[in-house]
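Numbering (my numbering), first residue to last: 21 to 158.
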């Protein structure tokens, strides 16, 4: 009833050489982890501009080291002092907490102990400040 297909499907890729390079799972996870840590570094720099502290300075340096390690020695771009209003500090801490959580998931899946420890520490550091003030008062 139906005529058989005589040509190869355009969706068949087996046995054909690839025109673009493929990355391994580990390389993809390195890229993801570096991206999450770089985003966390940016938020950390923004918080440091508003509320300077030695803890945030040390965390920013450790984050920069980890990003450089994951990117093959290429140092991350650092955020300059941003004009952020004081009420948005809680939002920045919430964002930092979420980014640290994402970094922790990726670091755990690629078995990167240093990255996982750093991400967990940053989650703990941002957790109290990430809670809205109304909930913290209860």
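For glycine and all other residues, C-beta sits at the position ideal for the given N, C-alpha and C.
Are the beta-carbon atoms of residue i and residue j separated by less than 9 angstroms?
{"i": "residue 90", "j": "residue 137", "result": "no"}
{"i": "residue 57", "j": "residue 83", "result": "yes"}
{"i": "residue 6", "j": "residue 97", "result": "A query on residue 6 cannot be resolved here, the shown segment of the chain reaching from 21 to 158 and no further."}
{"i": "residue 80", "j": "residue 61", "result": "yes"}
{"i": "residue 130", "j": "residue 49", "result": "yes"}
What number of angstroms, rounded off, separates the C-alpha of residue i from the C-alpha of residue j?
{"i": "residue 54", "j": "residue 23", "result": "52 angstroms"}
{"i": "residue 87", "j": "residue 141", "result": "16 angstroms"}
{"i": "residue 156", "j": "residue 149", "result": "In this prediction, residue 156 scores a pLDDT of 46, lower than 50, which makes its location untrustworthy; the coordinate-derived value is nonetheless stated afterwards. In a straight line, the C-alpha of residue 156 is about 9 angstroms away from that of residue 149."}
{"i": "residue 112", "j": "residue 63", "result": "6 angstroms"}
{"i": "residue 93", "j": "residue 46", "result": "17 angstroms"}
{"i": "residue 44", "j": "residue 119", "result": "24 angstroms"}
{"i": "residue 27", "j": "residue 42", "result": "27 angstroms"}
{"i": "residue 147", "j": "residue 73", "result": "16 angstroms"}
{"i": "residue 6", "j": "residue 132", "result": "Outside the modelled stretch of the chain, which goes from 21 to 158, sits residue 6, for which no answer is possible."}
{"i": "residue 71", "j": "residue 108", "result": "12 angstroms"}
{"i": "residue 135", "j": "residue 124", "result": "7 angstroms"}
Quick check on residue i: buried or exposed, where buried means 16 or more other Cβ atoms within 10 Å of its Cβ?
{"i": "residue 117", "result": "buried"}
{"i": "residue 66", "result": "buried"}
{"i": "residue 126", "result": "buried"}
{"i": "residue 139", "result": "buried"}
{"i": "residue 95", "result": "exposed"}
Legend entry - Those runs of the alpha helix (DSSP H) which lie wholly inside the region 31 to 99 and span at least 4 residues: Those alpha helix (DSSP H) runs which fall completely within the region 31 to 99 and span 4+ residues are 45 to 70, 74 to 90.
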